[in-house]
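Asks:
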Amino acid sequence: MDYKKLADLLFPDVTLTKEDLEARYPKRELKDGAIVTRFAPSPTGFLHIGSVFTCLVADNFAKKSGGVFILRIEDTDQNRKIENGVKLIIQGLNRYHINFDEGVDVDGNDYGNYGVYTQSQRKDIYKAMAKYLVSIGKAYPCFCDEETSQRDKAIQEASKELIGYYGSYAHCRNLTYEEVEENIKAGKKFAIRLKCESNADHKIVVEDAIRGTLKLSDNFNDVVILKRDFLPPYNFAHACDDHFMRVNLVIRGDEYIPSIAEHLQIFNALGFEPIKYAHVAPMQKMEGNSKRKISKRKDPEANVAFYLEEGYPVDGVREYLLNVANSNFEEWRKANPDANIDDFVVTTDKMSKSGALFDLPKLNDVSKNVISKFDAQKVYDLCLEWAEQYDKEFASILKENKDYAIKVFSIERGTPKPRKDIAKWNETKSAFGYFFKELYKPTCLDDYAFNYEKFNKELLKKIVDKYITIYQQETENSIWFGKIKELGVEFGFADDMKVYKANPEQFVGHYGDVASIIRVAITGKANTPDLFQICTLLGYEEVIKRLKLASEILSN
RNA sequence: GGUCCCAUCGUCAAGCGGUUAAGACACCACCCUUUCAAGGUGGUUUCAGCGGUUCGAAUCCGCUUGGGACUACCA
């Protein structure tokens, strides 16, 4: 068989050669150990949080090693492609401060010397390489239709044989030149298949950067490397693109582990150096008693939009994800509490082999810590940015009361032990809303269970009423608090915690309880920052107004 | 079904043949207390099971169980 002739018959228009491509995409001149890697999404839906995770890791590898991080769009499946898919991905990634050295921008323009970076525009490369494989006898045209493969599959299933296109099921593997020519003349469309030289009994051993040594069964299938539409499936595009983009570490989800053998076979047939892999475990989610991969369909938290909507600060999510990525991150953060997150070096050997369960409470904790370190201006800016998109009412209140709002956010901020009231911006309103007249809702004090039988409605009202008569705008916290204590003593509360603890039955409660009553009366909340500062910000009139309101509600 | 991957507290996890089996989140208790938080201290809870190898196993090897992935002209 003259393979060269066959190749020309199949690809009469293709003149591009492997040598041309090797020359067009020369080896990169980078320092030793530089990692060239890529993120290669398919524009088939929203941006998945797992993608952000993988990108964070990949970006870190590339940047820290003096390498390159590439964005490549894998849009060879024309059926699953969605409108604006690419834009969605890039914008989402940019929100999380992930930037590429080469790739495609939001407007679809390429940047970098190893492009183009969109697979549907790289057809000439795939065709050239497919032609090359045919010309050296390592690939062949396949005219089989879907019916044939369905039928074969049914037979294989029934007889418990391996499922695939191999052996006697590889109908087109040994077609003669004349038969191929005849089919083409008849107008039959064809795909290109790799001529597999191995079998399932053969085992291969692969070193994975995360998994370590992997023992896999070899591929036995004559896999399709060029579909009937002459676009490659993932396997062939992966080999051609990662080779010619001079990628040296492929970071991808572990669902690809079973196809490593197939991919390496393609690299080998092509005469490419085998590539290194790092297979990342996917994020998981609890369902019933078992874990499962976090799913685009079922889980809102799979979509990065979820975190944006909830108002998780970008730095909080990034920090959480890094926490999941590398077990020593926490240690590093402890040692470098104020360091920039970008200074952390992610390593493959510290990456978990099994998928981490997405832990929202942990995210909240991380996020609270991150926010607690922001200054008031930053809290204001980020919160407003969030509110403008997701809570217009709150946004306009923030804008109208900018200086005031910043003062609110300043309470106990910038201290060695800053408050940790909020984990995400959508909590700001409920945590600080009472500061704003528009959002303050008086609450019935009696609804609060103070856990003391003696705390009846009448007593509460008496305390509030009395406080109204003695309240003054103080300049000193100590004076203000002294009055709270005095007020308590008058109604039988202890003004000394130790005395109270020694004989709790002798008192109605302690000064903390008095403060709580006043706190709820003024703010409608049991948990707030320092009440004195709140009163100062609110101003005398407003405080009195609210106390009167509280008293009124109690008399009903 | 076949192939492969994975398995330490409720969750994230250190661990690499000898440890009282770290730490973090969550939960509980206590302490501190000029309120609320924060903080401090302590606690509950873990090596999936069974067999080997070894003086010695969470660690190495088998099997079992459980979970997951793949099994497309999807990626």
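Everything in the first sequence is counted per my numbering, starting at 88 for the first residue and increasing by one. C-beta atoms are modelled at their ideal positions from N, C-alpha and C, and glycine is treated no differently. This one's a predicted model, so the numbers in the text were calculated from it and none came from an experiment.
#1: Determine the direct distance from the alpha carbon of F98 to that of T434, and round the result to whole angstroms.
#2: So the candidates are M332, R238 and Y227; which of them puts its Cα closest to the Cα of E360?
#3: For Y587 and G575, I'd like the C-alpha separation in whole angstroms.
#4: On the premise that P529 lies in contact with A463, defined as a C-beta separation below 8 Å, what is that separation, rounded to the nearest angstrom?
#5: Quick check: the Cα distance between W53 and E514, rounded to an integer number of angstroms?
#6: With P228 as the anchor, note down where its beta strand (DSSP E) starts and where it stops.
#7: With distances taken Cα to Cα, identify the nearest neighbour of V191 among D162, D316, Q559 and K218.
#8: Alpha carbon to alpha carbon, how far is P424 from A482? Give it in angstroms, no decimals.
#9: Take C622 and list the residues in its own chain whose beta-carbon comes closer than 6 Å to its own, dropping the five residues that flank it on each side.
#10: What residues are listed by DSSP as bridge partners for R280?
#11: Taking C-beta to C-beta, are L301 and V293 nearer than 8 Å?
#12: Using a 10 Å radius around the Cβ and a threshold of 16 neighbouring Cβ atoms, would you call R448 buried or exposed?
#13: Rounded to a whole number of angstroms, what is the C-alpha to C-alpha distance between K150 and N488?
#14: Look at the alpha carbon of G646 and the alpha carbon of L336, and state the distance between them as a whole number of angstroms.
#15: Answer yes or no: do Y227 and C259 have a C-beta to C-beta separation smaller than 8 Å?
#16: Report the CB separation of R298 from K440 in whole angstroms; it is logged as a contact under 8 Å.
#17: Please report the straight-line C-alpha distance between N538 and G596, rounded to a whole angstrom.
#18: Kindly confirm or deny that the region 134–141 and the region 174–191 touch, where touching means at least three C-beta pairs closer than 8 Å.
#19: Sorted by chain position, which residues of the same chain lie with C-beta nearer than 6 Å to V495's C-beta, five sequence neighbours on each side aside?
#20: With distances taken from CA atoms, which of S236, K225, R167 and E248 is nearest E284?
#21: If you follow the alpha helix (DSSP H) that R606 is in, where does it begin and where does it stop?
#22: By Cβ distance, which residues of its chain are closer than 8 Å to R69, with the 5 residues on each side in sequence left out?
#23: Applying the 10 Å Cβ sphere with the 16-neighbour rule, what's the burial state of Y198?
#24: Whole-angstrom Cβ separation of I604 and L634, contact assumed at under 8 Å?
#25: How would you call V193, buried or exposed, if buried means at least 16 neighbouring beta carbons within 10 angstroms?
#26: Distance check for E417 and N410, CA to CA, integer angstroms please.
#27: From what residue to what residue does the beta strand (DSSP E) around G340 run?
#28: Helix, strand or coil, according to DSSP, for N538 in the structure here?
Replies: Short version:
#1: If you number the first sequence from 1, residue 434 lands on position 347. If you number the first sequence from 1, residue 98 lands on position 11. Distance between the alpha carbons of T434 and F98: 45 Å.
#2: One-based indexing of the first sequence puts residue 360 at position 273. Measuring from the Cα of E360, the nearest candidate turns out to be M332.
#3: Residue mapping note: residue 587 aligns to position 500 of the first sequence, counting from 1. Residue mapping note: residue 575 aligns to position 488 of the first sequence, counting from 1. So the two alpha carbons sit approximately 12 Å from each other.
#4: Sequence index remark: in the first sequence, residue 463 carries index 376 (1-based). Sequence index remark: in the first sequence, residue 529 carries index 442 (1-based). Contact between A463 and P529 is ruled out by a C-beta separation of about 27 Å, above the 8 Å threshold.
#5: The structure shown does not extend to residue 53, since the chain is modelled only from 88 through 643, so no value can be given for it.
#6: What you label residue 228 is simply residue 141 of the first sequence in a count that begins at 1. Residues A226 to C229.
#7: As a working mapping, residue 191 is identified with position 104 in the first sequence. Cα-wise, what sits closest to V191 is D162.
#8: One-based indexing of the first sequence puts residue 482 at position 395. One-based indexing of the first sequence puts residue 424 at position 337. In a straight line, the C-alpha of A482 is about 31 Å away from that of P424.
#9: Numbered from its first residue, the first sequence carries residue 622 at position 535. Excluding positions up to five away in sequence, the list reads V630.
#10: Taking the first residue of the first sequence as position 1, residue 280 is located at position 193. Per DSSP, Y227 and V311.
#11: Start at 1 with the first residue of the first sequence, and residue 301 comes out as number 214. Start at 1 with the first residue of the first sequence, and residue 293 comes out as number 206. Yes, they are a contact pair.
#12: Residue mapping note: residue 448 aligns to position 361 of the first sequence, counting from 1. Sequence check: residue 448 is Pro here, not Arg. For P448, the number of other beta carbons within 10 angstroms of its own is below 16, and it is reported as exposed.
#13: Within the first sequence, the letter at position 63 stands for residue 150. Within the first sequence, the letter at position 401 stands for residue 488. C-alpha of K150 to C-alpha of N488: approximately 42 Å in a straight line.
#14: Past the edges of the chain, shown from 88 to 643, lies residue 646, and the structure says nothing about it.
#15: Your numbering for residue 227 matches position 140 in the first sequence. Your numbering for residue 259 matches position 172 in the first sequence. In contact: Y227 and C259 (Cβ atoms closer than 8 Å).
#16: Here residue 298 corresponds to residue number 211 of the first sequence, with the count starting at 1. Here residue 440 corresponds to residue number 353 of the first sequence, with the count starting at 1. Contact flag correct, Cβ pair sits at about 6 Å.
#17: If you number the first sequence from 1, residue 538 lands on position 451. If you number the first sequence from 1, residue 596 lands on position 509. Only weak support exists for where N538 lies, its pLDDT of 49 falling under 50; the coordinates are left without a value.
#18: By the Cβ rule, the region 134–141 counts as touching the region 174–191, because three or more pairs are nearer than 8 Å.
#19: In the first sequence, the residue the question calls residue 495 occupies position 408. Contacts found: F519 and F522.
#20: Numbered from 1 along the first sequence, position 197 holds the residue referred to as residue 284. It is K225 whose Cα lies nearest to the Cα of E284.
#21: Taking the first sequence and counting its residues from 1, the one referred to as residue 606 is at position 519. Taken as a continuous stretch (DSSP letters only), the alpha helix (DSSP H) holding R606 covers Y598 to T610.
#22: Since the first residue shown for the chain is 88 and the last is 643, residue 69 is missing from the structure and cannot be characterised.
#23: Here residue 198 refers to the residue found at position 111 of the first sequence. Around the beta carbon of Y198, fewer than 16 other beta carbons sit within 10 angstroms, so the residue counts as exposed.
#24: Position 517 of the first sequence, counted from the start, is the residue given in the question as residue 604. Position 547 of the first sequence, counted from the start, is the residue given in the question as residue 634. About 11 Å separates the Cβ atoms of I604 and L634, ruling out a contact at the 8 Å cut-off.
#25: By 1-based counting over the first sequence, the position of residue 193 is 106. The Cβ neighbour count for V193, taken over all protein chains shown within 10 Å, is under 16; the residue is labelled exposed.
#26: Taking the first residue of the first sequence as position 1, residue 410 is located at position 323. Taking the first residue of the first sequence as position 1, residue 417 is located at position 330. Approximately 6 Å, taken between the alpha carbons.
#27: Position 253 of the first sequence, counting from 1, holds the residue named residue 340. DSSP places G340 in the uninterrupted beta strand (DSSP E) bounded by L336 to G340.
#28: Taking the first residue of the first sequence as position 1, residue 538 is located at position 451. Low confidence applies here, because N538 scores a pLDDT of 49, under 50, leaving its location unreliable; read the following figure in that light. The three-state secondary structure of N538, taken from DSSP, is coil.
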